[in-house]
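Every number in the numbering used here is 532 more than the matching position in the sequence shown, counting from 1.
Cβ atoms here follow ideal geometry from the backbone N, Cα and C, with glycine treated the same way.
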Amino acid sequence: MKLVRFHRCGDARGRDGWLLLLGWVAIFLFPLVRELKAERPVTFAHYNLENYLVMDRKEHGQIVHEAKPDAEVGPLIRIIQQIHPDLLGVAEMGPPDQFRSFRERLAAAGVSFADEEYVQGADPDRHLAFLSRFPIVARHSQGNVPIDMPMPERPEAMRRGLLDVTVEVNPSTRIRLVGAHLKSKLPIPEGEALVRRAEAQKLREHVEAILHEAPDTLLLVYGDLNDTKDAPAIAEVAGPRDDPAALSDLWLADADGDRWTYYRRYTDTYARIDYIFVNRKLFPKVDRTRSYLFRSPEWNRASDHRPLIACLQLDQ
533 MKLVRFHRCG
543 DARGRDGWLL
553 LLGWVAIFLF
563 PLVRELKAER
573 PVTFAHYNLE
583 NYLVMDRKEH
593 GQIVHEAKPD
603 AEVGPLIRII
613 QQIHPDLLGV
623 AEMGPPDQFR
633 SFRERLAAAG
643 VSFADEEYVQ
653 GADPDRHLAF
663 LSRFPIVARH
673 SQGNVPIDMP
683 MPERPEAMRR
693 GLLDVTVEVN
703 PSTRIRLVGA
713 HLKSKLPIPE
723 GEALVRRAEA
733 QKLREHVEAI
743 LHEAPDTLLL
753 VYGDLNDTKD
763 APAIAEVAGP
773 RDDPAALSDL
783 WLADADGDRW
793 TYYRRYTDTY
803 ARIDYIFVNR
813 KLFPKVDRTR
823 SYLFRSPEWN
833 RASDHRPLIA
843 CLQLDQ
């Protein structure tokens, strides 16, 4: 009998063996497996896929216009298969046909989802997308999100918009998830840092509107924010510490204690620019000891980012 080891909540920290043992105990001692299912935490993952789209690429010294190559997609799918998330938020997804291909590749690897969300923002190439094993019961995503800039004669909008869905884990438990992908550090005439901070302000306004209207919401905010934790944009998203709508950064680490989420080849630097935040209502339901940053020998073949995983005890 072949055993497949999935990296659900906590497995990246060396708990695979214990979970496998518990699995066999469950099989032999608890014939009513559905009773155990209620105790399994919900696994959320955020992953920037690095250009899952058709674009100009360099191959064997030649420029070709093609989709993300199998040499990258294969490791990408295997990494997600090992995580085996219940909720998956991705960045840098291509057009709808590429999203369908991505979902089909995951299903072929045994990772299937019941529902999805896709956001068409101002960026014509790179999009936010979301997959869920649970039904999405409310959708408040926005593709067109104007931002405030010093030059009103040149209107700007959030490049990738805002992804906003509410998922029903069970009839009594819902979680709201908001995803973003802020402006990269590639220079632009308007000033990339100014644009990124303006986008962060819009994300913060969106969070405050949610929590002021429904303070008991279980809210998770995630994304590639393209800045380090000391940057003004990150402070904007988190909000003031004494604000009831403040968000907590989970500040995840991998099995070796490393916290970087992104490698920039051009400058040969590592940084933590991907985040998972939670509000005060959700924070007690996060299993911090089993939430982690994924580490894999294949990470750099799949993407220039690494996936982040949050383990949520939501009483399924």
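*Applying the criterion that 16 or more other CB atoms from any shown protein chain within 10 Å of the CB defines a buried residue, is residue 791 buried or exposed?*
Result: exposed.
*Starting from residue 588 and walking both ways along the alpha helix (DSSP H), at which residues does that stretch end?*
Careful: residue 588 lies outside any alpha helix (DSSP H), inside the beta strand (DSSP E) at 587-591.
*asked:* By the three-class DSSP mapping on this structure, what secondary structure does residue 568 have?
replied: Because the pLDDT at residue 568 is just 38, under 50, the model does not fix this residue reliably, and the value given afterwards should be weighed accordingly. Helix.
_Three-state class that DSSP yields for residue 728 in the structure shown_ = helix
*asked:* Output needed for residue 756: all residues of its chain with C-beta closer than 6 Å, excluding positions within five of it in sequence on either side, in chain order.
replied: 580, 623, 713 and 806
*Out of 660, 719, 681 and 668, which has the shortest C-alpha to C-alpha gap to residue 699?*
Cα-wise, what sits closest to residue 699 is 668.
*Rounded to whole angstroms, what's the CA-CA distance from residue 746 to residue 657? Just pull it up for me.*
34 Å
*Going by DSSP, what residues sit across from residue 609 in a beta bridge?*
According to DSSP, residue 609 bridges with nothing at all.
*Can you tell me where the alpha helix (DSSP H) with residue 630 in it begins and where it stops?*
628-640
*Spell out the partners DSSP gives residue 769 in its beta bridges.*
For residue 769, which the question treats as bridged, DSSP gives no partner whatsoever.
*asked:* Could you check whether residue 663 and residue 692 sit closer than 8 Å to each other, using their CB atoms as the reference points?
replied: no
*Can you give the Cα-Cα distance for residue 812 and residue 696, rounded to whole angstroms?*
18 Å
*Quick one: grab the DSSP three-state call for residue 735.*
Residue 735 falls in the helix class under three-state DSSP.
*Residue from 601, 603 and 620 with nearest C-alpha to residue 843*: 620
*Sorted by chain position, which residues of the same chain lie with C-beta nearer than 8 Å to residue 679's C-beta, five sequence neighbours on each side aside?*
688, 689, 690, 727, 730, 731, 733 and 734
*Excluding five sequence neighbours on each side, which residues of the same chain lie with their C-beta closer than 8 Å to the C-beta of residue 743?*
749, 751, 776, 777 and 811
*Do the CB positions of residue 615 and residue 841 come within less than 8 Å of each other?*
yes
*asked:* I need the straight-line Cα distance from residue 779 to residue 760, nearest angstrom please.
replied: 16 Å
_Along the chain, where does the beta strand (DSSP E) containing residue 834 start, and where does it finish?_
Looking at the DSSP string, residue 834 is not in any beta strand (DSSP E); the run it does join, the alpha helix (DSSP H), is 831-834.
*Mapping DSSP to helix, strand and coil, what is residue 662?*
strand
*Between residue 642 and the rest of its own chain, which residues show a CB-CB distance below 6 Å, the 5 nearest in sequence each way excluded?*
none
*Look up residue 616 in the DSSP assignment and say whether it is helix, strand or coil.*
coil
*State the Cα-Cα distance for the pair residue 767 and residue 822, rounded to the nearest angstrom.*
26 Å
*Grab me the residues of residue 671's own chain with a C-beta within less than 6 Å of its C-beta, minus the 5 sequence neighbours each way, in chain order.*
697
*In chain order, what residues of the same chain have a beta carbon less than 7 Å from the beta carbon of residue 655, not counting five sequence neighbours either side?*
Beyond the five residues adjoining it in sequence on each side, residue 655 comes within less than 7 Å, by CB distance, of 691 and 692 in the same chain, given in chain order.
*For residue 678, name the three-state secondary structure that DSSP assigns.*
strand
*Would you tell me roughly how many angstroms separate the C-alpha atoms of residue 592 and residue 771, rounded to the nearest one?*
47 Å
_I want to know whether the region 644-655 touches the region 596-607 - three or more CB-CB distances under 8 Å._
no
*Helix, strand or coil for residue 744, going by three-state DSSP, please let me know.*
helix
*Proximal residues to residue 560 (C-beta, below 8 Å), its chain only, five neighbours per side dropped*: Caution is warranted here: a pLDDT of 45 is assigned to residue 560, below 50, making its placement in the model unreliable, and the coordinate value is therefore given only provisionally. Answer for residue 560: no residue qualifies.
*Have a look at 586, 594 and 836 and flag the residue whose alpha-carbon is nearest the alpha-carbon of residue 802.*
836
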